[in-house]
Structures are given as structure tokens and as C-alpha cells.
Amino acid sequence: MSRPIATTRSATGIPTGRLALWWIVFSEIVIFGGLLGSYIMHRIGHPEWAYDAIHTNTMAGAVNTFVLLTSSLMAVLAHQAAERGDGKRAAKFLYWTVLGAVAFLVIKGFEWHHEIVDLGYVLTTSGFWSFYYIAAGLHGVHVIGGAIIMLFVAHDAKKGKELQRVEYIGIYWHFVDLVWIFLFPLLYIAK
Amino acid sequence: MTSQTESSVETHAGDHHHEEGFVKKYLWSTDHKMIAKQYLFTGMAMAVIGGWMAYVFRMQLAFPGEAVPGYGLVSSAEYNSMVTNHGTIMIFWVAMPVLIAAFGNYLIPLMIGCDDMVFPRINRLSYQVFLLSAIVLIFSLFVQGGGFGGAWTSYPPLSSESQFNLQPLAPSLWVIAVALEFVAFLLGGINFIVTLMNSRAPGMKMYDIPMVIWMIVLASIIFMASVGPLIAGAIMLVFDQLLGTSFFDPGNGGDPVLWQHLFWFFGHPEVYVVLLPALGIVAEIMPVFSRKKLFAYKTVLYTAIATGIISFFVWAHHQFISGIDPRMANVFTVTTLIISVPIAEMMFVFIATLWGGSIKLTVPMLWALSFVAEFMLGGVTGIYLGASGADIYFHDTYFVLAHFHYTFFPIAIIGTFAAVTYWYPKIFGRMMNATLGKIHFWGTIVAFNFIFIPLFMLGAAGQHRRIYSYELFPELAELQDLRVFATKAMIVMLAFQSVFIFNFFKSMFWGEKAPMNPWRSSTLEWTVPSPPPHGNFAVLPTVYRGPYEYSHPDREEDFWPQDEAPITNG
């Protein structure tokens, strides 16, 4: 399908794809904002949730923060390569980013397995665990979705096509990273 | 900037004849005009369903316990399901798809002078998700236990626990349908916003954008900013329903008022999400049929932006009797009264636009004028409800019901009829019959007032909403005459809609062929053939002036198209 002329115009000076991506990020911010706002209000109202929060694995959360931040660095390097027009190198860094996503999910999997199977803290154990699994789960869905889209972008970038998308998926990835930066202290550090 | 000048001289290659199959043309199209029609027809079909439900439950109220002609006996569960789904359908599957999605899709590319939306395939996906949401909702009416009956506000615990609502499936299907509908409008909204920001015709500056386009895009932004918390809330509600969490269950550390906050943080801005496009439609029609510039363009624009911002600070006026802190009730009373100021200002702007104009009472103009008159009644009665002192008495009565029907009917129904009758020649290439249009107008408007004025009286007398039969309330049973009167008026109003449906479909095939610019308007959509071809413009236009240059003293012609190049002296 050929692109309409509308897509190629840029009255703001910002490329259409990047502009749309910022609006997507905005719409996601209010979704996570609503969820985390509800959590914070509840947490303030329920000091006893601290007895649940004490069981979250701060170390695993810290390692995962490091993993995600590193993968964001890879996304930046991919963008830098794409800016220079080096699609192959951009794709390589994107694959590293995806690897970071996989590592994040694997660590999360072990963590949840331990909490659910060994400790018996499930979704319905208490309000804290409900928020814990839903907030981290919704974030995890974004990690999975982002990684899948990134594979498509990398596939094109390798052939030198649609290199601008390397930047766009990078913006999205930084957003996913940023959500985790909020989740980590709220769910792991605040004991 | 180079690409912009290049594209402005580029002629569109889409003029050559497309031989497309039925599926490609009608169901899988990426053309913004076809997607707009899909939204319009889906919205109209849903309006018929919503109207049918209103007929059934009003008949039950007027003649409790008697079989409703065409339906049969109405059980209390069916009654609850119908009032719930009537509200849900009319707001999410009629007002939003028609006012925002249908007219937004149709008008944005045409009125800003480009060939399509920036993301045509996302646009198609938006409609497909919307259609899926409508199918899920209709499916939920037929599952075991019947359609969801916990009111369109879906307050827990009634919505979250099947021990209370006795419905294993419908509440979850209802939430899923609404959530899918939100996804569709987020996809569409991103398209609208980016298209307006980036794809305007060369020369179209901020104050040259037609007001209806501003309003639809502002509505999309307000929607996007307000719906997020409710999406989060919808996830929590579905988890409460299906997986046994207790976000909203106070017995297990949850809080049912949290849902009310999340719902109304979206629900109140939602009023403005549908109001602004309707105001925009009126703002387009009034200058054309009074042959005058829209009064105070910038004031209207900034007022709309202010309204959008204030609309995020009024939500708790829906919760005055939900146990919120009385000091908070004071704060929300003040903000609610403040938001009536910009809306009142809009009404004055419309009156000022009419002042001294040469007014033509065409069918679209009649609808636009009636919008101002009827919406004013809705707005004024809102002041009583926004003040917590009065609201404690009026809360959950028919006074509230009549109030919001006096706002939503002008928005969703009058606004739609104004827009359909005004842009019909462009969309379908034929004129609607004006005599039938006027018969339909008067039949609808008079009957509408006869429905809801009695309901104001019933509400003031203390009649509560969401009651299956008032026979069990002795002091309310004697007001039965008013209920019967309102129901009869509603049947008259529904009967007059057949005039519109007849006119709509007859004109589509046998109406008089519409010229390019039947109303002598100056905006860009009237500079292309009716209906516009694929790709809209043979040569993409350049804009030289604002959208409302009527009766300019230096010109013979009393309108001045936005794309007409100024005459340069030598």
C-alpha cells in the first residue's frame, strides 16, 4: 500500500511516526498513572501491607533494574548506528536489547515461581500482592510486546529499511524502562 | 519544509479508476471516508438498539406488569439490563462513534486539505476493534443470566460479585466490551491528533483550522488523558470478577469508592469529550447560515481548552453522597460551578454570531439553534446538581436523569442530526428533502421536551432512578399520569425518527444531485466534488485565510473560500 501524502507532511517539523509515538507514550503514562496512583493511595491507607512487602526480593528487583537499564543503553547504541545509516549494526544492538528483555523476564519468572510456589503468595493473598502481580504483570506485558515489535524493526533494519523506526522503538523502550524505575521503589524498596 | 512544498504541487495519483472487490471496498478499506461511513452506520444501528431498549423500559414504567407490544413481559432483571445497556450504548456506541469517529474521520482530512489520515491502516484497525467491541456487547445481552444490569456506572460490589448481580458472565463481557471500545478510540485519537498537527495544508495556521476540527482533536486529547485510570480500573474490576482479587471489596482490604473515583475521573471529562465535537458542529453551521464570521474565534478555542482542563477537576460531584469528605465536596462544588462559566460563554458566542446576520432557517440551522436552546436547559439544571447542598436531595432522582438527558440529547442526537443534515450532500452526493427534514425536526424537538419536562417534575417530587415499578411506592404511584405522558411523548418521538430514516435512505438513491458547494461555505471540504473522489483533492490546496470569511465588504461573493488565492496587483 502506498503511503498517503498526509503521512509525509510535517507541519510541526517532527516526523509523523515520532509524534505518534509520543502520544502513545502519553496515553500509557495515564494508564500506569491510574494504577500506581490507586496503589499509592491504598498503601497509605493500609500500613499493614508492609508485612507483605517485606517478602519481595529486593536483590532480584535491583538486578532486573540493572538489566533493563543496560538494555536501554543498547537501544541508544542502536539508534546511534541507525542515525549513521548502519542498519546492520543497529539490528545487532536491537538484538542485544531483546536479549535484555528476555533476561528480565527469566529473572522475573524465577522470582515469581519462588513467591507463588515456595512462599504461597498468590494474586488473592492480600491487596498488596494483587497490586504487585497486576502492576508488574502489566509492565511485563509491555516488555514482551516491545521485544516482539523490536524483532520486526531489527529484521527490517538489517536490510537497511525503515531505519527511523529504530529510534521510535527506542523511545518506547525507554518508557518501559521508566515504568520499572517507578515500580522498583514502590514494590520492592518501600518495605 | 521542502517535502511540504513538493507535496502541495503534487497531483494525487488516486484519480484513476479503482476496480476493487466488495470486501476490499466496503469492509477492508483504508480510505478515511469509507471508515467514517462504517462508523456512522454502526453508530446508527446501535442507536436503533438503544432506542428500542428505551421504548421497552419506558413502557414498563408507564404500564407496569403489562406485556409490552413487540416485546412481551419485562422482568426486573431485564429492566435493569436494559437501562444499563441503554446508557452504555448511547454514550459509548452512539455518541462517540458518530460525533468523534465518523465525523472526525470524514472531516479532518477534507477540512485541513490532505488526502487521508496519517495512518490509514491504524484507522482501519480502530474501526475493526470498535466493531468487535459492539459484537461483544451485543453478545453479552444473550448469555446466561441476561445482559449486565449493574447500571452504566458499574459500581462495585454490584458489578464485581455474582452473588449480588446473579450474572456469571455478562458483567465481565460488559467491561471487556467497554475496554475494547476505549482501545479503538485511543487508536483513532492518536491518528486524529497527529493528522491535525502534521498534515495541514500549506498556509493553514493555528487560527485557520475550522472549529469542528479543533473540537474533535481536543476531545481526543481529553479522552486520552482521562481514560487511562479507567483502563487500569477495568483491569482491576475484571480481576475482581473472574480471579477473586478484592480491589473493590471492603471486606478484604479493598475500597469500592476507588472505582467511583477511577470511573468519574474519566466519566466527567467524557461529557466534554462528546460535548466539544457537538459545539464544533454548531460553530460550523451557524456562520454559514447567518452569513457572518464566527464571533470570537480565539475566545471559543481558548474557552474549549480551558473547559477541557477544568473538566479534570470536577469528577467528585458525582460522589457527594458516596461518603467523601464534606470539605472535598465544597471544593468540587466550586470547581463544578466554575466550569459552567466557559460553557455559558460559548452560548453567548453563538448568540453573538447570530446577531445581525442574515439567518436562513435551513434544516441544519434549525438543529444548530435547537442545540443552543436545549443544551442551555441542561446546563442550567446542572448548577443545582453541582452544588452539594441541593445535590444531596436531588441525587439519584429523575431530576438528575432529566438533567443529563437535556445535555446528552442535544449533544448526541441534535448534534448528530445537525451534522448529518449539513454534510449529507458532501458525504452521499445528494440533497436531503428539506420538507421531510423540517417535519422530522419539529416532531423530534417538541416530543423531546414533552418527555423530559415531566421527568424533571417527577424527580423534584422525589422519584428515584433505577426502580422497576413504582406501584410499591404509594406516594409515587399517584404520579403515574406524568409517567404515562412521558412515555407517550417518547413513542411519538421514536415514530418521527422513521421520517428521518426514510429521508436518509431515499435521498441516498433518489435525492436531487448535490452541487459541489450547496450551502456556499468557505471551508475546504466544499471545494471538492460531492462525494469526494479517492484521494479527495485533484490538486492539494493551499490555504490563504480563516474558515469563516462570510460577507466580506470588499467582495461581491458573500463567502471567501479558504483556498482562493488573493488577487495580487501586478
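Chains as they are written, first to last, in my numbering: chain A, 1 to 191; chain B, 1001 to 1570. Note that CB positions come from ideal geometry on N, CA and C, so glycine has one too.
- If you draw a straight line from the Cα of A1304/B to the Cα of W1214/B, it is about 9 Å long.
- P4/A belongs to the set of residues whose beta carbon lies under 8 Å from a beta carbon in chain B.
- Taking a Cβ-Cβ threshold of 7 Å, the residues of chain A close to T1195/B are A6, in chain order.
- By the 16-neighbour rule on beta-carbons within 10 angstroms, Q1163/B is exposed.
- V1212/B has its alpha-carbon roughly 24 Å from the corresponding atom of L1125/B.
- When the beta-carbon positions are compared, L1187/B and V1129/B come within less than 8 Å of each other.
- Within a 10 Å sphere around the beta-carbon of L1196/B sit 16 or more other beta-carbons, which makes this residue buried.
- Straight-line spacing of the CA atoms in A1329/B and M1090/B works out to 29 Å.
- Contact annotation: in the region 1222-1238 of chain B, residues whose CB is within less than 8 Å of a CB in chain A are M1224, A1225, S1226, V1227, G1228, P1229, L1230, I1231, A1232, G1233, I1235, M1236.
- Bridge pairing for F1559/B: Y1550/B [DSSP].
- Look at M1117/B: its C-beta is under 8 Å from a C-beta on chain A.
- By the Cβ test, the region 1315-1324 of chain B is not in contact with the region 1234-1252 of chain B, since fewer than three Cβ pairs between them sit closer than 8 Å.
- Contact annotation: K1033/B and P1532/B have beta-carbon atoms nearer than 8 Å.
- Put simply, the region 1388-1397 of chain B does not touch the region 1481-1488 of chain B. Fewer than three CB pairs are less than 8 Å apart.
- Rounded to the nearest angstrom, the gap between the Cα atoms of G137/A and L1061/B is 46 Å.
- The residues V1094, in chain order, have a CB closer than 7 Å to that of A1047/B in the same chain once the five nearest residues on each side in sequence are set aside.
- In the DSSP assignment, M1457/B falls within the unbroken alpha helix (DSSP H) covering 1434-1460.
- For H46/A, the nearest beta carbon of chain B is closer than 8 Å to its own beta carbon.
- Between the C-alpha atoms of A1538/B and P1157/B there is a straight-line separation of about 58 Å.
- In this structure, DSSP gives H1464/B an extended state, which the three-state scheme calls strand.
- Under a criterion of Cβ atoms nearer than 7 Å, the residues of chain B adjacent to I24/A are, in order, I1190.
- Rounded to whole angstroms, the separation of the alpha carbons of V1238/B and H1403/B is 31 Å.
- Boundaries of the alpha helix (DSSP H) harbouring E167/A: 164-184, taken from the DSSP string.
- Within the DSSP secondary-structure output, G1072/B pairs in a beta bridge with V1068/B.
- Rounded to the nearest whole angstrom, the C-alpha separation of F1452/B and A1344/B is 22 Å.
- In this structure, the beta-carbon distance from T7/A to V1118/B falls below 8 Å.
- At a beta-carbon threshold of 7 Å, the residues of chain B lying near S27/A are L1186, M1224, G1228, ordered along the chain.
- If only complete runs of 4 or more residues are kept, the region 1171-1221 of chain B shows no alpha helix (DSSP H) anywhere.
- For a Cβ distance threshold of 7 Å, nothing in chain B lies close to R43/A: the least Cβ distance comes to about 11 Å.
- Residues V67, L68, T70, S71, M74 of the same chain have their beta carbon placed closer than 7 Å to that of G100/A, with the five preceding and five following residues left out of the count.
- Collapsing the DSSP output to three states places R1483/B in a helix.
- Ranked by Cα distance from D1558/B, the first of Y1544/B, S1522/B, F1448/B is S1522/B.
- Per the coordinates, the alpha-carbon of I1235/B lies some 15 Å from the alpha-carbon of G140/A.
- Pairing S1076/B with E1284/B, the inter-Cα distance amounts to about 44 Å.
- Nearest Cα to P1171/B within the set V1183/B, Y1155/B, R1545/B, E1181/B: Y1155/B.
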